[in-house]
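Sequence order for the protein chains is A and B.
The opening position of the first sequence corresponds to residue 1 in this note's numbering, with each subsequent residue numbered one higher.
The opening position of the second sequence corresponds to residue 1001 in this note's numbering, with each subsequent residue numbered one higher.
What follows is a set of notes on a single structure, which appears directly below.
There are 2 protein chains.
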Amino acid sequence: MFLINGEPSDNIAVTNRGLHYGDGVFETLALLEKQPLCWTDHYQRLYRGCDRLGIDCPHEEILLSDIDCLPIHNGPLVLKVIITRGTGGRGYQPPPRGTDPCRIMGIYPWPDYPETYSRVGIRSRFCDTRLSRNPTLAGIKHLNRLEQVIARNEWQNDEITEGLMLDTEDQLIESTMCNLFLIDGDKIKTPDLKTSGIEGIVRKHILDLASEVSLSPVILNIQKQEIFTADEVFLCNSIIGIWPISEVDGQMLKSGPKTDEIRQLLKKNQIIVE
Amino acid sequence: MFLINGEPSDNIAVTNRGLHYGDGVFETLALLEKQPLCWTDHYQRLYRGCDRLGIDCPHEEILLSDIDCLPIHNGPLVLKVIITRGTGGRGYQPPPRGTDPCRIMGIYPWPDYPETYSRVGIRSRFCDTRLSRNPTLAGIKHLNRLEQVIARNEWQNDEITEGLMLDTEDQLIESTMCNLFLIDGDKIKTPDLKTSGIEGIVRKHILDLASEVSLSPVILNIQKQEIFTADEVFLCNSIIGIWPISEVDGQMLKSGPKTDEIRQLLKKNQIIVE
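Structure below.
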C-alpha cells in the first residue's frame, strides 16, 4: 500500500528524478500501535538529507498527515518514506528551488526474522564490494544504494544473514543494512561515518544511552581484524533492533551480556520494537 | 513520450528498484533520420553495465523493436534508454536472476545549444563536489547520479555551460555530463576511468580514430593544472558532440585546429550529429 503525495497509488511518473538519478532520500521506520518510533529523529535525518541535496523537505505536519491516511493496525509494521526532487526533464540540473518534491509512503509487513538472531546472534561475512568515500554523500540516507545492492547480491546462502562492508581504504564501516558496534572493556566503539555510511537512528541512541550501561562511547576508525578481538560485536537498525554477530567468515566471535543490556535499554526507551 | 516494457505509459510501478536504489543503468543517444547513432556501442555498454550489476539485460532485438514503436521523425532527437532490475519488495537483496528487468524508453527534443559552443567553445568551472572512487561502479552508466546532480546544482549562472569534476584524490575525471580530452603536441590525453567516471561512446571513438588526425591517444591520470597548459581542451558526449573549453574559472584556455578536425572526423563517421 502506497501513498504518492497523499493519494493512494501504485505508480509514479516515469519522469520522477528518483528513478533517473536516485535524486532523493528515504527513511525506514517501525510503526507500533499506530505510532512511528523515533519519528523526530527520522524526520530530522530526512530534513538534513534533503538539505544536503538542495531539496525542499516537506513540512513534518504534511508527512504526519500522510501517515494518518495509511491503513495501519496495532501490530508492528514497516513504514518507508521516500522524498524525491519530483519530476523533471532530461539532464542533471535540478529544477529551481520551490519546485514540488515528491513524497512516497509505503507500508510493508513486519519481517519475521528468527528469534535466535536477537538472542543468540547471526552468521555474517565480509563483502568484497567496498563503500565509496565521499563526504558529500556520507551520513545521509540517499537513494544511491547500488553499493549495498551489489554487496547483498554477493551471497545467496540463507545461513549468512548479513554482510559487513569496508570502504575503499579498508576501514570497517557498517553492514549492508545496519550500523556496527564493538564492545571492548568499558568502551563501546562504532565506526566514524564522515566519509562513508549512514548515520543510523538506533546508533545515535546507543551512543546517547551508553553510560546507562556503564560504557563509554567512542567514534573512531575501525579495522577489519578488530572484530575478532572485541568482547562483543553487534548490528543495529530501526527494524531489526539489535543482532549480536556470532560468526564472521566461519570464525566464531566472543559474546557477552552487554549487548542484551543495550537491547533491553532501547526497548524500555521505545527506540526499537524487540 | 515513453514506452515502459514496450507499452506507451507515463508511469512506472512505485516498487521499481530503479526508484528505491537507483538499481539500473541508462543510455542517452542521438536518433538521426530515425536511426540510433552508434547503437551497437550503446547496447554493449548497457549490457556491460547490467552484467556488472547482475541484471539480465534484455536482448538487443527487444530494445530495437521498442525503438521501432516510438514516434520518431527524421530530425535529430534524443533517446534515453533505462534498464532497471524491475520491481521488488523492501530490502537491498535483488530478486533471483531471471526476474524480468524493466525497460524504459523516452524520446526528448534535440537540445538547441548555441552554435558558438561547438565553434568557439564554452565557459566552464571546477566543481566543489567530488566524484567517489570505486572500481565496482566506475565506467558504467548506472542510475546512481547524485554526485552529478549536486555538482550541476552548484551554479545557476547561464554563462557557465559545464562544470569539471575531480575525484576525491584530486584527479581530473570528466565534466558533469561529458568526457574530457587534452591535446598536448602530438598527444591526445584523456583521464583514466578505472575508479571514477563513465566510459563514453564518443570518447572511445576518439581514442580509436586519433591516429587519423596524427595524434597518439594516451589514457592517464590528469591533474587540475594541466588544463591550463594544454594546447587544446574539449568535452564530448553523444548529444553535444564536441565542445572546446575556452575558459575555466575565468582563466582563458588556448585553442587550436585539432579539436575541429576531430569533430569533422566524428561527423564523417556518423559518431556525432554536429
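Glycine included, every Cβ here is placed at the ideal spot set by N, Cα and C.
Everything numeric in this text was worked out from a predicted model, so none of it was measured.
Open item on the list: Can you find the residues in the same chain that come closer than 7 Å, C-beta to C-beta, to I1150(B), ignoring five residues on each side of it along the sequence?
Closed with: Hits under 7 Å: T1129.
Open item on the list: For the structure I just gave you, are there three or more beta carbon pairs, one from the segment 138-154 of chain A and one from the segment 1139-1153 of chain B, closer than 8 Å?
Closed with: They touch, by the three-pair rule.
Open item on the list: I'd like the ranges of any alpha helix (DSSP H) spanning at least 4 consecutive residues and lying wholly in the segment 1031-1088 of chain B.
Closed with: Taking only runs of at least 4 residues, the alpha helix (DSSP H) segments lying wholly in the segment 1031-1088 of chain B are 1039-1053, 1060-1068.
Open item on the list: Alpha carbons only, please: which of G89(A), V78(A), R85(A), R103(A) is nearest the one belonging to W110(A)?
Closed with: With distances taken between Cα atoms, W110(A) lies closest to V78(A).
Task: Environment of K224(A) [buried if 16+ CB atoms lie within 10 Å] - done: Classification of K224(A): exposed, given that the 10 Å Cβ count is below 16.
Task: alpha helix (DSSP H) segments (min. 4 residues) lying fully within the segment 164-247 of chain A - done: With a minimum length of 4 residues, the continuous alpha helix (DSSP H) runs that stay inside the segment 164-247 of chain A are 201-209.
Open item on the list: If I measure Cβ to Cβ from E1159(B) and keep anything under 7 Å in the same chain, skipping five residues before and after, which residues do I get?
Closed with: Listed in chain order, the non-local C-beta contacts of E1159(B) below 7 Å within the same chain comprise R1123, local neighbours out to five positions each way being set aside.
Open item on the list: Any C-beta of chain B within less than 9 Å: which residues of the segment 48-79 of chain A qualify?
Closed with: Answer in chain order: R52, L53, G54, V78.
Task: Straight-line Cα distance separating G256(A) from I1201(B) - done: Roughly 56 Å between the two C-alpha positions.
- [ ] Rank Q1171(B), P1096(B), R1133(B) by C-alpha distance to the C-alpha of E169(A) and give the top, closest one.
- [x] Comparing Cα-Cα distances from E169(A) to each of Q1171(B), P1096(B), R1133(B), the minimum goes to R1133(B).
Open item on the list: Give me the chain B residues within the contact set of P101(A), using Cβ-Cβ distance strictly less than 8 Å, ordered along the chain.
Closed with: Going along chain B, no residue has its Cβ under 8 Å from P101(A), so there is no contact; the nearest lies around 13 Å.
Open item on the list: Taking 9 Å as the threshold (C-beta atoms), are S238(A) and L32(A) in contact?
Closed with: No, they are not a contact pair.
Task: Inter-residue Cα distance where the pair is K34(A) and C1057(B) - done: For K34(A) and C1057(B), the distance between alpha carbons rounds to 42 Å.
Open item on the list: If you reduce the DSSP assignment to three classes, tell me which class S124(A) lands in.
Closed with: Looking at S124(A) - three-state DSSP - the assignment turns out to be strand.
TODO: Would you identify the three-state DSSP class for Q264(A), choosing helix, strand or coil?
DONE: In the structure shown, Q264(A) falls within a helical segment according to DSSP collapsed to helix, strand and coil.
- [ ] Provide the residue span of the beta strand (DSSP E) that contains R1145(B), from first to last.
- [x] Segment: none, R1145(B) is in no beta strand (DSSP E) and carries neither H nor E.
- [ ] Give the interface partners of F126(A) over in chain B, defined as CB-CB distance under 8 Å, in chain order.
- [x] Going along chain B, no residue has its Cβ under 8 Å from F126(A), so there is no contact; the nearest lies around 15 Å.
- [ ] Let me know the secondary structure DSSP gives G1106(B) once reduced to three states.
- [x] G1106(B) falls in the strand class under three-state DSSP.
- [ ] Report, in whole angstroms, the separation of the C-beta atoms of L215(A) and K268(A), which I expect to be a contact under 8 Å.
- [x] Wrong, their Cβ atoms sit about 16 Å apart, outside the cutoff.
Open item on the list: Quick check: the Cα distance between N16(A) and V218(A), rounded to an integer number of angstroms?
Closed with: Going from the Cα of N16(A) to the Cα of V218(A) covers about 40 Å.
- [ ] Answer with yes or no whether the minimum CB distance from F161(A) to chain B is below 9 Å.
- [x] For clarity, residue 161(A) is Thr in the given sequence; the question names Phe instead. Not one chain B Cβ lies under 9 Å of T161(A).
TODO: From the DSSP output, in three-state form, read off E162(A) for me.
DONE: Strand, per DSSP.
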